[in-house]
Amino acid sequence: MKRLGVAWFSTGEMLREAVANGTPLGAKAQEYINQGRLVPDSVVLDLVDERLSQSEDRNGFLLDGFPRTIPQATGLDALLEARGLALDRVLLFRVPREIIIERVAGRRTCRDCGVIINVFLDFKGKTEACPQCGGELYQREDDREATIAARLEVYETQTKPLVAFYHDRHLLSEIDGVGSIEEVNERVLVALEAFGAGSA
Ligand code: AMP
């Protein structure tokens with residue numbers, strides 16, 4: 065985001081925000097999220113539509129965690145077309161299952177400053193307080209081990225078909241997602257810059 069000067073829209077964040085604010089949409093979404101299931105397409109598409117309409121960012125945006133199904137991808141096409149926009153690139157991160165599980169199971173967020181750390185990878189399992197501000201660290205309900213398997217299954221059945229969908233449209237860049245945050249970030253920038261992103 066900083067290097068390319070683009071906005072960041074994460075449907076997961078939007079949904080967690082709605083849950084935290086106790087909105088009717090949040091109440092509806094919470095059960096799906098906690099079970100590791102996908103929130104219905106129409107709900108997510110409405111959220112993205114609303115966010116794109118509010119956004120004054122003319123420099124572009126990065127969609128994170130969206131689309132996750134074929135109907136969401138075709139719905140996104142319609143939202144973009146209505147605004148005279150098109151996708152520049154779609155990124156696919158390749159990460160082995162056991163590394164995904166380690167990253168998700170170890171993920172903790174600070175209640176006060178919002179920083180995200182991994183207790184296994186960064187602290188060998190030995191931290192209870194936020195390393196940045198001393199705040200309380202918590203684990204997302206859907207990051208618990210029992211839910212991770214459900215989320216991976218949902219990926220296989222509902223999200224994986226998007227790989228062929230975007231590959232066929234020549235929009236897909238595959239990124240090796242194994243490595244440090246800095247290494248993976250660099251690979252993302254190289255992939256995006258190859259297609260002229262950030263040059264506008
Ligand atoms: P994330 O923060 O992207 O890992 O998303 C957390 C949870 O929010 C997911 O497991 C889903 O329950 C829900 N969610 C986020 N994005 C979507 C989406 N595009 N479609 C359906 N559900 C979503």
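Take 65 as the starting number for the sequence shown in the numbering used here and just add one per residue. Every residue, glycine too, gets a C-beta built ideally from N, C-alpha and C. Since we're looking at a predicted model, the values are computed, not measured.
Partner residues in the beta bridge of VAL154, as assigned by DSSP, are LEU236. Closer than 8 Å to some heavy atom of ligand 1: that does not describe the Cβ of ARG115.
With a cutoff of 8 Å, PHE157 does not count as near ligand 1, since its C-beta is closer than that to no heavy atom of the ligand. In this structure, LEU140 lies near PHE130, with their beta-carbon atoms less than 9 Å apart. Counting only residues of its own chain and dropping the five nearest sequence neighbours on each side, THR138 has no CB closer than 7 Å to any other CB. For ASN98, the uninterrupted alpha helix (DSSP H) run begins and ends at 88-99, by DSSP. Assignment of LEU102 by DSSP, reduced to helix, strand and coil, places it in the coil class.
If you ignore the 5 residues before and after ASP232, its C-beta comes within less than 7 Å of no other C-beta in its own chain. Ligand 1 never approaches SER106 closely enough for any of its heavy atoms to be under 8 Å from the residue's Cβ.
Annotation for LEU126: the continuous beta strand (DSSP E) segment containing it runs 125-128.
Contact annotation: VAL107 and ALA93 have beta-carbon atoms nearer than 9 Å. In terms of Cα proximity to THR75, the closest of ARG132, VAL168, VAL254 is ARG132. Under the three-state reduction of DSSP, ALA71 is assigned to strand.
Cβ atoms of LEU185 and GLY170 come within 8 Å of each other, at about 6 Å.
The DSSP assignment places 161-169, 183-187, 209-218, 225-232 as complete runs of the alpha helix (DSSP H) inside the region 157-237, in order along the chain (cut-off: 4 residues). Contact between the region 215-234 and the region 150-165 is present: 3 or more CB-CB pairs across the two stretches fall below 8 Å. Judged by beta-carbon spacing, VAL168 lies within the 9 Å limit of ILE212, meaning their Cβ atoms are closer than that value. If you draw a straight line from the Cα of ILE245 to the Cα of LEU236, it comes to about 21 Å. Only residues of its own chain outside the window of five on either side were considered, and among them VAL183 have a CB closer than 6 Å to the CB of GLY189, listed in chain order. DSSP places ALA255 in the helix class (H, G or I) of the three-state scheme.
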